[in-house]
Ligand code: SAJ
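Written out as structure tokens, the structure is:
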């Protein structure tokens, strides 16, 4: 099959490479010239374990080429971003729309169109079909259409793309079956078929489920601290119950999915209370962390904070929707100086420094991201370079005893003061 994959980002690129190494001829399309050149040289434009190796294999097989224009193909797969319009809290479908506009002039009888981008329920029917039918072809009669939402978690994208179960929602059974046979070339998980709107809804439910459960963990963390309970220990024990699985608290929810998708579910509804409340709780976590920091270093004039980690989660270089940004803005608004270290992130709104520079003359380290590198930091070498020895760990990542031994005053999110072990 010839497959044209529109969008060469976090999902489109690994998907294109997986199809290519499994024998399909793949044309990857992107609007960014720099991304096109980088990928064609076999270099991954972002950090993802195993991606560069897979990409090299795909390029060497001569089954993958990246260009800026769509061409005729058997299958068109759309994997472009669907950001949140922050003012209206609704999906910005402009990229999906323009990708679909790029497809329809090349659409031929018997083609399959797959939408992988996350969209509000009804988007395939209301937005995609009318654009695709400008080709003069009719959906179901002349071409096939499915929504097959991606489910892979950044950091394990390739493994999960291959091994996770997949949902395919077609406009009709023929569309679903066509897509199933195609994905079966690399998906080892089960493939479940449904209708298109159910597939759209299921994807949003999954991420909303996670968001609500993280909000619950964040609320538990705040109550635990007030009650003299160590939340990390309490979660560990709760999760020994066979039907309980409490997630972990943190400085807030970031990333391109969980912090956004719940709004796609609520945008056409007037009934949503829990979903928006969970968003509110998670969005308020940077404020909570900042309150902890302020209390810890109150009285210090011209306070300097060193932030460890601005990626939205550990071991990735992605800062989209990172809660670190809100924390930084809150701190700067109150006159705090901020120095940032993140071993994964290259581009960010603020300067990223080496560890030594970021902690030099600082009054407090605030760990926001659970990068593995931070566990290896030796507090003894840090201690002498700081102006005051304070540490706030929002991920329960560090060995508190070791830091205390070096004279650090330590606070861990969700723990009463002095009980962070
Ligand atoms: N987080 C917590 N506590 C937790 C788990 C996560 O605070 O217990 C935070 C993380 O630090 C991060 C945010 O939540 O800031 C989201 O991280 P994540 O690892 O939960 O999820 P994503 O956004 O990287 O990927 C999610 C996944 N969805 C689900 O697990 C339901 C992934 O499977 C989806 O494919 C992806 O969204 C997507 O693209 O939709």
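In my numbering, the protein residues as written are 226 to 646.
Ideal Cβ positions, reconstructed from N, Cα and C, are used throughout, including at glycine.
Owing to the predicted nature of the structure, the values given are computational and were not obtained by experimental measurement.
Inter-residue spacing [alpha-carbon to alpha-carbon] between residue i and residue j
i           : j           : result
residue 518 : residue 511 : 10 Å
residue 281 : residue 391 : 26 Å
residue 502 : residue 350 : 30 Å
residue 369 : residue 375 : 19 Å
residue 565 : residue 541 : 16 Å
residue 449 : residue 463 : 13 Å
residue 232 : residue 305 : 5 Å
residue 516 : residue 314 : 27 Å
residue 577 : residue 496 : 42 Å
residue 547 : residue 457 : 22 Å
residue 364 : residue 403 : 14 Å
residue 645 : residue 623 : Any reading at residue 645 must be qualified, since the residue scores a pLDDT of 43, below 50, and its modelled position is unreliable; the value itself is stated next. Spanning the two alpha carbons is a distance of roughly 10 Å.
residue 380 : residue 562 : 31 Å
residue 641 : residue 451 : 7 Å
residue 377 : residue 388 : 9 Å
residue 483 : residue 435 : 7 Å
residue 473 : residue 443 : 7 Å
residue 270 : residue 480 : 17 Å
residue 423 : residue 536 : 32 Å
residue 367 : residue 332 : 10 Å
residue 266 : residue 285 : 10 Å
Cβ separation of residue i and residue j, assumed to be a contact under 8 Å, to the nearest whole Å
i           : j           : result
residue 539 : residue 594 : 6 Å
residue 532 : residue 478 : Wrong, their Cβ atoms sit about 18 Å apart, outside the cutoff.
residue 258 : residue 293 : 7 Å
residue 228 : residue 298 : 6 Å
residue 400 : residue 427 : In fact, because the Cβ distance is near 17 Å, the residues do not count as touching under 8 Å.
residue 610 : residue 575 : That pair is no contact at about 21 Å.
residue 437 : residue 276 : Going by Cβ atoms, the distance from residue 437 to residue 276 rounds to 30 Å, so no, they are not a contact pair.
residue 246 : residue 230 : About 14 Å separates the two Cβ atoms, so there is no contact after all.
residue 291 : residue 255 : 6 Å
Residue closest to residue i, alpha-carbon to alpha-carbon, out of the options
i           : options            : result
residue 307 : 322, 295, 623      : 322
residue 416 : 276, 395, 432      : 395
residue 446 : 428, 397, 467, 506 : 506
residue 300 : 271, 226, 548      : 226
residue 168 : 360, 492, 583, 329 : There is simply no residue 168 to check, as the chain begins at 226 and stops at 646 in what is shown.
residue 318 : 597, 336, 340, 419 : 340
residue 361 : 520, 330, 384      : 330
residue 433 : 261, 267, 345, 385 : 345
residue 420 : 407, 269, 398      : 398
residue 596 : 485, 251, 285, 534 : 534
residue 386 : 248, 581, 615, 244 : 244
residue 529 : 279, 487, 557, 639 : 557
residue 583 : 444, 440, 607      : 607
residue 289 : 573, 237, 336, 460 : 237
residue 476 : 284, 264, 637      : 637
residue 470 : 249, 453, 439      : 439
residue 486 : 366, 425, 635      : 425
> Looking at C-beta atoms only, is the number of pairs between the stretch 324 to 342 and the stretch 354 to 372 that lie closer than 8 Å three or more?
Replying inline: With the rule of 3 Cβ pairs closer than 8 Å, the stretch 324 to 342 counts as touching the stretch 354 to 372.
> Is the stretch 579 to 591 touching the stretch 610 to 622, taking contact as three or more C-beta pairs under 8 Å?
Replying inline: Cβ pair count under 8 Å is three or more, so yes.
> Is it a yes or a no for the stretch 600 to 608 touching the stretch 553 to 573, going by three-plus beta-carbon pairs under 8 Å?
Replying inline: no
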